[in-house]
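Last residue of the sequence shown: 422 in the numbering used here, with the numbers rising by one and none dropped. Glycine included, every Cβ here is placed at the ideal spot set by N, Cα and C. Nothing here was measured: the structure is a model prediction, and the numbers come from that model. First up is the structure itself, then whatever we jot down about it.
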Amino acid sequence: MQLTPAIIATTIFLLAYLLLIMKVTRPMYITSAAAALLLCSGALSRQQALAAINLNVLGIVGGMMILAELFVASRAPSFFAAKLVARVHTAGLALVVISVFSGVISAFVDNVATVLIVAPVAFDIAKRLNTSPMPFIVGVAISSNLQGMATLIGDATSVILATAADLNFLEFFWLKGRPGIFFAVELGAIAATIVLWLMFRHLKQPLSMQQTTPVITWVPTLLLIAVILTLALSSLIPNRPPNLIGVITITFGLLGIVWNAVWGHLRVRWHNLDWETLVFLTGVFILVGSLSATGVVASLAGLIAKFTGGKVLIAYLVLIWMSVLISAFVDNIPYSLAMLPVAQQVAVTLGCSPYLLMFGLMVGTSLGGNITPIGASANVVAVGLLNKHGIDISFGEFMKIGLPFTLTAVITASLFLWLMWA
């Protein structure tokens, strides 16, 4: 059998994916080595590799990482959370409020950063109630994963969607005269929050929150507001440069670094930021680019279209629930990068709106990770925080909360998308 570029690219991609699942070493080492193998094998040229790297995504992820770190260091999130929780008087309501707050923050801040922002407040509430913090921390994590897809800057996967579908900031809300993915996510969030309340309404312990965390400075909060407004305004620019949103975000991030160095003096450990994610993403871009360049994506799309018998509804449901199942156990970043081009190609083959299949795919991908404690980075961080507090949580305990939450959100969001975009 002749080793064609398509066979080489597929083999290297699957091997890298397997190693990522097995977690044999740091993800950035795996994707970097796989990218180097592609180049050395000749399956991908240097020009094709460079073209596959999306600077927009790297700029947004890097910039928001910096701003989120400053935001946390300013203590503003803890202040807001304590103020909100102070208005409720039972443990069940406090759990719902802190979970909703986590979701709101996650629409604009990375999911992992959101968990780190809100978790201290959740632990404090549980301590005051003399109850286990487990449901509070799980609620914070799964709510952050749900809302990360709501806006362009909510998570790396939403940035990947924006790039693949060529969406600007405002088009997450309104696109071609129809509601965007934001409203699907919000309807899913409302339905899932009701489920969360039904599961924990029995927690009736009275809660008293007298103290609030003082805010050191409001500048990081203002920087976050400024970057959101600037991104929204940039959406109105006709024929805007392709990497504009990445440039805007990283510029605000650099402004934040300069401000903190000269005036802010917040205790920020820059070396603790997840810089490895940027290297990891670069490698994944090259891996997925090899699948597109060698025709693997087109072939896979053809197989899916054939399997579904040319029926749009079946293709839509297959993409959603396949994504939910896979994302429950596999990191959603490489999966999103690999499958979005497939969804686009399937839409072309079936003659339907690409937004229907792409939005459905991303709803399944972003929410599927909520089923298990290893399905999303935010979940892993949440479990780690619980372990540090001497609390072990099993797969089953996590799934008792995550599974009904996920199924409710996915069904609600996917039904809305079908009604709007089919």
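- L273 is positioned such that its CB atom lies no closer than 9 Å to that of I105.
- Contact annotation: V262 and G59 have beta-carbon atoms that are not nearer than 9 Å.
- Shown here for V279: same chain residues with a beta carbon closer than 7 Å to its own, the five before and five after excluded, namely M28 and S32 in chain order.
- In the three-state reduction of the DSSP assignment, L361 falls in the helix class.
- Per DSSP, the continuous alpha helix (DSSP H) segment holding E69 begins and ends at L55 to A73.
- Annotation for V115: the continuous alpha helix (DSSP H) segment containing it runs N111 to L129.
- When C-alpha distances from I393 are compared across P373, A378 and A126, the shortest belongs to P373.
- In this structure, V330 keeps its C-beta atom at 9 Å or more from the C-beta atom of L39.
- Taking a 10 Å sphere around the C-beta of T4, we find fewer than 16 other C-beta atoms and assign the residue as exposed.
- For G139, the enclosing alpha helix (DSSP H) begins and ends at M134 to Q147.
- The alpha-carbon separation between L198 and D166 amounts to approximately 39 Å.
- DSSP places L203 outside both helix and strand once states are collapsed to three, so it counts as coil.
- For the set P179, I142 and W418, the Cα lying nearest the Cα of L313 is the one of W418.
- When the five nearest sequence neighbours on each side are left out, the beta carbons in the same chain lying within less than 8 Å of the beta carbon of L170 are those of A232, S235 and L236, in order along the chain.
- Between I401 and P179, the CB-CB gap reaches or exceeds 9 Å.
- Contact check between the segment 335–350 and the segment 298–313: three or more CB pairs, one atom from each, fall below 8 Å, which counts as touching.
- Taken in chain order, the whole alpha helix (DSSP H) runs of length 4 or more contained in the segment 363–407 are 377–388.
- Around the C-beta of I190, fewer than 16 other C-beta atoms lie within 10 Å, and the residue is accordingly described as exposed.
- For C40, the enclosing alpha helix (DSSP H) starts and ends at P27 to S41.
- Taking the Cα of K176 as reference, the smallest distance to any Cα among L325, M362, I98 and L356 is reached at L356.
- Excluding sequence positions up to five before and after G256, its CB lies within less than 6 Å of the CB of I66, L67, L70 and L223, all in the same chain and listed in chain order.
- Assignment of W263 by DSSP, reduced to helix, strand and coil, places it in the helix class.
- Under DSSP, L175 takes part in a beta bridge, and its partners are R178.
- In this structure L95 touches F200 by the C-beta definition: roughly 5 Å separates them, less than 8 Å.
- Taking 8 Å as the upper bound for CB-CB distance, L385 and G360 are not in contact here, some 32 Å apart.
- Per DSSP, F108 is not a residue of any alpha helix (DSSP H), being assigned neither H nor E.
- The beta carbons of G364 and S327 sit closer together than 9 Å.
- The segment 73–86 makes contact with the segment 109–123, as at least three CB pairs between them are under 8 Å.
- Here the alpha carbons of V61 and V268 stand approximately 18 Å from one another.
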